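**Student:** To start, I am sharing the structure in question, which I have written as structure tokens.
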Amino acid sequence: MLAILFDTTKCQGCERCVDACVQASGKDEAAAAADRATTLDGLSANRLVTLRRVAPGRFARWSCMHCVEPSCVSACLVGGLSKTRQGPVVYDADKCIGCRYCMLACPFHVPRYEWARTAPFMRKCSMCFDRVSKGGQPACVEACPNKVMTFGERADLLARAHELVERQPNRYLPRVWGETEFGGTSVLYVSDADLSPAGWPAKQAASIPSVTDPLIKKTPFIGLGVGMSCWALSAVIRRRDLLGAKGASREGPPSQSHSTKEDNRD
Amino acid sequence: MIDHNRSWRDLLWILVMLGAMAAIFRLWFGLGATTNLTDSVPWGLWKILNMVAGVALATGGFTVGFLVYVLRLERFRPLVKPAILIAFLGYGSSVFALTLDIGLPHRIWHLLVMWNHHSFLFEVGWCVMLYFTVTIMELSPILLERLRLRRAAGILHGIAFGVVVVGISLSSLHHSSLGSLFLVTPQRLHPLWFTPLLPVHFILSAMGGGMMVVVLAKILYARAYDPPSVFGDARAAEAPLGPDFPMAQRLAVIASGVLATYLMVKLTDLVARGNWRALVAGTWESWFFVLEQVLLAGLPLTLIAWRRTRRSPVGIGVAAACAVLGLLWNRMDVGIFGYFRTAKVAYFPSGIEWALSLGVLAAAVLVFIYAVENLPIFDTTWRARQEARQRFPSTFDPATMVWRASLARGIDRVTFIAVFTGALGWLVLYPPYRAPKRGSVAVAPPVALDVERSRLRLGEDGKASAVVFPHRDHQQRLGKEKSCGNCHHLSMPQDHSTPCVRCHQAMEASTDIFNHDVHLASLARRVPGHAVFAANWVCSQCHPNSEAKSALGAKPCMGCHQQDMKPTRGLHAGADWRRAIGYRAAMHGTCIPCHEREKERVKKPTLAMCGTCHQNLRYRERTQLASAP
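Given below as structure tokens:
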């Protein structure tokens, strides 16, 4: 599974990765530049990657994290999002109906919508899937002048990140972001500043599909159970009414006793 | 009685007309132009009020069906038809609103053929579709009988129990799944509302609130068409209340029992998870939560527990109305308000969103009114009423030569309303009249890093002191792409290497580069509520409230702009940044220290002389040693 390792101590915040992304994804550069100024966090349908300030002078690339167990993939009701075998989470615009549930479901708040269009689609980073599947590198990784990002197999990068963190304890905080959060992501971070202000959860945060999947697997049985118990309950009550009517017919007028008793109660 | 209702109906028609215009605008101009939805708040009024809350209001269809068909409480049988009609209209209206809410309405059929059975939304979608079919099947005997198709109606009557049970199963699934929809946002939804028990909360509140909707409908129907049936005959001393009142009252009691359970589950969960602290935190969320719980459970329970209000139709009606409002408020809290804090922006629906939302609800109410007037929904007195209704046909009176358009007929009134509402709606709702959502900050195009011109002319103001600066040469020598930071100490937002002259505008004097107006406008846009009464918040972002509003006490630029101005050289942070020093001082300060250092290293003493750069100066001046500027 492919992944990106990002070293915030090397990033000087020039955002050449963003320019490369805008060019590689064929977006309008002027619109992307305008979105930098007018959006809250720099992400938009024209600007699929941005740098988010985590501490003075420290920046973290912010874009789709390509989660190992992606929430958006489980949320999309038409299956328009999928986790590929190679690692990137990709979007099939031909399936999308525009319900925007992925935007609500993403724990990193990444998917963006083309609000300016009459027939809009969701947009997010695809880790340059077309380039990557041909053996290339994502545009942002290539463009970085400081070689902040490393692209490769997730397992290798994890090992490398741990090695970095252990060898240089003065330089890095003892944590590899993206290793376990929400079930792990395919964009990993080593940093000397805490990434929580940018929106990272605690280490133990469970992946969202691991919460919702067991629940949704139960639903057919819940539905069936409710139906069966309704049927059984009504059979019991019908039987009781029948017996009650038989008993009542010996004493007095049938079928009235039940309701009059209830009427008098209030 | 008819006249009394007519003004209400006119109001509903006005809403429907506005809603129709809103729907046309939405289809023509698209979601972004017509709604206030943003990337931060992707789900708005149509999803939450019309789908999530609309479906919750329609729960009466399955709860009353459960009471009558499964528990065999025959006393509620007269309420089955209205309850199912409400369910049909609730689901129909929410499906309609949802179709307009999704970005690509023409692809709504994708739900049928493209399955993702990991998605709660998929489950909700299918259950809503199937249950909508169930309500149609449950409702069609009434229509079929009206059309005198007794045989078809008989078949449907035969399978009624099975259909009801299927409906109950489907309802129990999707009413809880509507709550599960929000389980995917554990770190974004406010802790007052987020809990793993959301599905349980949703189905309990929907069941209680849905029964209250049926109670409310029954009481309002009686108020409008048949007061003695519920409100009784004031002259009869023996029975002050109508014969149907116990039915409504008993249903309200059952509903309040469900709501009491809901309240207990909710509060227990809040305490057990330790989120009660958010309740006493005194934020607006805690007030919203209190309001919602008081409306949904507190007030109805009190009104029903108190003997005097329990025995009055008005008391029961008010209790039911409170519960319905509380249910709506609760869904808005979970779906919209609960996200504001983490989204860092507030969302208020646009006029078009309100118009479509209320228009769809108004259309549902109109259909309901039409159905109860013309079909045996509540009782069979409709036929008598219909005959008793007076008719005022529009006629041409030949004697007076006057066209007597009395506006008594529905079609006349609706045409009249449509013409005026159309004009009004255009004025109020036409999307291009709205202010553009995007800010209009002028943004300079990014300067390409590898400048095409290898030589820049510095200070080219026609004077002899102009300098030809080999930009590419310096770039190559000082470390290529990483060299920018050696000279360019600071870039404007969006830029990699802002030209020096952008800020150092005058040759000698310093320039004020801080644009106060742009900062005011740009900060005001971030205030929740879009710059209404923004001043207090905006000013205090830079000027501490305790100090005079002057440049001296204000926050330094880098307090906010660390990220987008990218200082690449250690400038002293401070208020000075609001003024850029003169161009000559800036250039000398940048070039000379570096040249001074370099001349030692490369053993070339002329490197720091004026003439090295100012090559068109006279020889004597060129050979003079450079002095500090």
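Chains as they are written, first to last, in the working numbering: chain A, 1 to 266; chain B, 267 to 895. For each residue, glycine too, the CB sits at the ideal point set by N, CA and C. Computed from a prediction, not measured in an experiment: that's the story for all the values here.
List, in order along the chain, the chain A residues whose C-beta lies closer than 7 Å to that of residue 336(B)?
**Tutor:** Along the second sequence, one-based indexing puts residue 336(B) at 70. Going along chain A in sequence order, the residues near residue 336(B) (Cβ under 7 Å) are 230, 233 and 234.
**Student:** Should the stretch 65-73 of chain A be regarded as contacting the stretch 270-282 of chain B, the criterion being three or more beta carbon pairs within less than 8 Å?
**Tutor:** Touching, no.
**Student:** Is the beta carbon of residue 188(A) less than 9 Å from the beta carbon of residue 5(A)?
**Tutor:** Locating residue 188(A) in the first sequence gives position 188, where the first residue counts as 1. Locating residue 5(A) in the first sequence gives position 5, where the first residue counts as 1. Yes, these two residues count as a Cβ contact at 9 Å.
**Student:** Pop quiz: residue 43(A) and residue 50(A) are said to be a contact at Cβ under 8 Å. What is the actual Cβ separation, rounded to whole angstroms?
**Tutor:** Translated into positions along the first sequence, residue 43(A) becomes position 43. Translated into positions along the first sequence, residue 50(A) becomes position 50. Confirmed, Cβ separation roughly 5 Å.
**Student:** Quickly, what does DSSP pair residue 188(A) with across the bridge? List them, please.
**Tutor:** Here residue 188(A) is taken as the residue at index 188 of the first sequence, counted from 1. Per DSSP, 5(A).
**Student:** Of the residues 605(B), 571(B) and 566(B), which one's Cα is nearest the Cα of residue 589(B)?
**Tutor:** Working through the second sequence from its first residue, we reach residue 589(B) at position 323. Of the listed residues, the one whose Cα sits closest to residue 589(B) is 566(B).
**Student:** Out of 135(A), 208(A), 90(A) and 108(A), point me to the one whose CA is closest to residue 52(A)'s CA.
**Tutor:** Reading the first sequence from its first residue, position 52 is the one you call residue 52(A). That would be 108(A), whose Cα lies nearest to the Cα of residue 52(A).
**Student:** At a threshold of 8 Å, does residue 490(B) count as lining the ligand COA (C-beta to nearest heavy atom)?
**Tutor:** With respect to small molecules bound, the structure shown includes none, and the ligand COA cannot be examined in it.
**Student:** For a quick check, are the C-beta atoms of residue 32(A) and residue 16(A) less than 9 Å apart?
**Tutor:** Mapped onto the first sequence, residue 32(A) falls at position 32. Mapped onto the first sequence, residue 16(A) falls at position 16. Not a contact, by the Cβ cut-off of 9 Å.
**Student:** Return the residues of the stretch 376-408 of chain B that lie within a Cβ-Cβ distance of less than 8 Å from chain A, sorted by chain order.
**Tutor:** Cβ contacts with chain A come from 376, 377, 380, 381, 382, 383, 384, 385, 386, 387, 388, 389 and 391.
**Student:** Quick check: what's the CA-CA separation for residue 204(A) versus residue 180(A)?
**Tutor:** As a position in the first sequence, residue 204(A) is number 204, starting the count at 1. As a position in the first sequence, residue 180(A) is number 180, starting the count at 1. If you take the alpha carbons of residue 204(A) and residue 180(A), they lie about 7 Å apart.
**Student:** Ignore the nearest five residues each way along the sequence and tell me which others in residue 54(A)'s own chain have a CB closer than 8 Å to its CB.
**Tutor:** On the first sequence, position 54 is the one that residue 54(A) refers to. So the qualifying residues of the chain are 8, 60, 191, 193, 194, 195, 197 and 198.
**Student:** For residue 152(A), which beta-bridge partners are listed by DSSP?
**Tutor:** Against the first sequence, residue 152(A) aligns to sequence position 152. Paired residue(s): 3(A).
**Student:** My output table needs one value for residue 55(A): the three-state DSSP class, helix, strand or coil.
**Tutor:** Taking the first residue of the first sequence as 1, we reach residue 55(A) at position 55. In the structure shown, residue 55(A) sits in a strand (DSSP, three-state: E or B).
**Student:** Pull the bridge partners of residue 50(A) from the DSSP assignment, please.
**Tutor:** In the first sequence, counting from the first residue as 1, residue 50(A) sits at position 50. In DSSP, residue 50(A) forms a bridge with 62(A).
**Student:** Considering just the uninterrupted stretch of the alpha helix (DSSP H) at residue 634(B), what are its terminal residues?
**Tutor:** For the purposes of this step, residue 634(B) is identified with residue 368 of the second sequence, where counting begins at 1. Where residue 634(B) is concerned, the enclosing alpha helix (DSSP H) stretches over 617-640.
**Student:** Mapping the DSSP letters down to three states, classify residue 312(B) as helix, strand or coil.
**Tutor:** Position 46 of the second sequence holds residue 312(B). Three-state DSSP puts residue 312(B) in a helix.
**Student:** Please identify, using Cβ separations under 9 Å, the residues of the stretch 298-327 of chain B that lie next to chain A, in order along the chain.
**Tutor:** Against chain A - using a Cβ distance shorter than 9 Å - the residues of the stretch 298-327 of chain B are 298, 299, 301, 303, 304, 305, 306, 308, 309 and 313.
**Student:** Identify the continuous alpha helix (DSSP H) that holds residue 491(B) and give its terminal residues.
**Tutor:** Counting from one through the second sequence, the residue named residue 491(B) turns up at place 225. Unbroken alpha helix (DSSP H) run through residue 491(B): 464-491.
**Student:** Can you confirm whether residue 343(B), when its beta carbon is compared against all beta carbons of chain A, has any partner nearer than 9 Å?
**Tutor:** Counting from one through the second sequence, the residue named residue 343(B) turns up at place 77. So no, residue 343(B) is outside the interface.
**Student:** Relative to the C-alpha of residue 880(B), which candidate in 527(B), 679(B), 850(B) and 546(B) has its C-alpha closest?
**Tutor:** Position 614 of the second sequence, counted from the first residue, corresponds to residue 880(B). Looking at the Cα atoms, 850(B) is the closest of the given residues.
**Student:** Going by beta-carbon coordinates alone, are residue 462(B) and residue 470(B) separated by less than 9 Å?
**Tutor:** Translated into positions along the second sequence, residue 462(B) becomes position 196. Translated into positions along the second sequence, residue 470(B) becomes position 204. The answer is no: Cβ separation not under 9 Å.
**Student:** I want to see whether chain A comes within less than 9 Å of residue 739(B), judged by CB atoms only; does it?
**Tutor:** Within the second sequence, residue 739(B) is the residue found at index 473, counting from 1. Chain A, which has no Cβ nearer than 9 Å to the Cβ of residue 739(B), makes this no.
**Student:** Tell me which same chain residues have a C-beta within less than 6 Å of the C-beta of residue 840(B), skipping the five on either side of it?
**Tutor:** The count along the second sequence starts at 1 and reaches residue 840(B) at position 574. Only weak support is given to the placement of residue 840(B): the predicted model assigns it a pLDDT of 46, under 50, and the question is left unresolved by the model.
**Student:** I'd like the list of long-range same chain contacts for residue 351(B), defined as Cβ closer than 7 Å, with 5 residues on each side in sequence excluded.
**Tutor:** In the second sequence, counting from the first residue as 1, residue 351(B) sits at position 85. Excluding sequence neighbours, residue 351(B) sits near 405, 634, 637 and 643.
**Student:** Of all Cβ atoms in chain B, is any one closer than 9 Å to the Cβ of residue 109(A)?
**Tutor:** Here residue 109(A) refers to the residue found at position 109 when the first sequence is read from its first residue. Yes, residue 109(A) lies at the interface with chain B (some Cβ there is under 9 Å from its Cβ).
**Student:** Select from the stretch 86-100 of chain A all residues with a C-beta closer than 8 Å to any C-beta belonging to chain B, and list them in chain order.
**Tutor:** Cβ contacts with chain B come from 95, 96, 97, 98, 99 and 100.
**Student:** What residues from chain B crowd round residue 189(A), counting only those whose CB sits closer than 8 Å?
**Tutor:** As a working note, residue 189(A) is residue 189 in the first sequence. Residues of chain B passing the Cβ test: none, with the nearest at roughly 17 Å.
**Student:** In terms of alpha-carbon separation, which member of 125(A), 235(A), 213(A) and 58(A) lies closest to residue 89(A)?
**Tutor:** On the first sequence, position 89 is the one that residue 89(A) refers to. Among 125(A), 235(A), 213(A) and 58(A), the Cα nearest to that of residue 89(A) belongs to 125(A).
**Student:** If the cut-off is 7 Å on Cβ atoms, which residues from the stretch 448-469 of chain B count as contacting chain A, listed in chain order?
**Tutor:** Cβ contacts with chain A: 449, 450, 451 and 453.
**Student:** Which chain B residues are close to residue 113(A), counting only those with a beta carbon under 9 Å from its beta carbon?
**Tutor:** Along the first sequence, one-based indexing puts residue 113(A) at 113. Result: 297, 298, 303, 304, 305, 308 and 369.
**Student:** Give a yes or no on whether 9 Å exceeds the smallest Cβ distance from residue 792(B) to chain A.
**Tutor:** For the purposes of this step, residue 792(B) is taken as the residue at position 526 of the second sequence. Yes, residue 792(B) counts as interfacial toward chain A.
**Student:** Indicate whether residue 555(B) and residue 447(B) have their beta-carbon atoms separated by less than 9 Å.
**Tutor:** Within the second sequence, residue 555(B) is the residue found at index 289, counting from 1. Within the second sequence, residue 447(B) is the residue found at index 181, counting from 1. Cβ atoms of residue 555(B) and residue 447(B): not closer than 9 Å.
**Student:** Is the CB of residue 209(A) under 9 Å away from at least one CB in chain B?
**Tutor:** Numbered from 1 along the first sequence, position 209 holds the residue referred to as residue 209(A). Yes - at least one Cβ of chain B is within 9 Å of the one on residue 209(A).
**Student:** When the distance is taken between beta carbons, is residue 525(B) closer than 9 Å to residue 562(B)?
**Tutor:** Working through the second sequence from its first residue, we reach residue 562(B) at position 296. Working through the second sequence from its first residue, we reach residue 525(B) at position 259. A contact, by the Cβ cut-off of 9 Å.
**Student:** Using a threshold of 9 Å, state whether the C-beta atoms of residue 281(B) and residue 625(B) are closer than that.
**Tutor:** Along the second sequence, one-based indexing puts residue 281(B) at 15. Along the second sequence, one-based indexing puts residue 625(B) at 359. Contact: yes.
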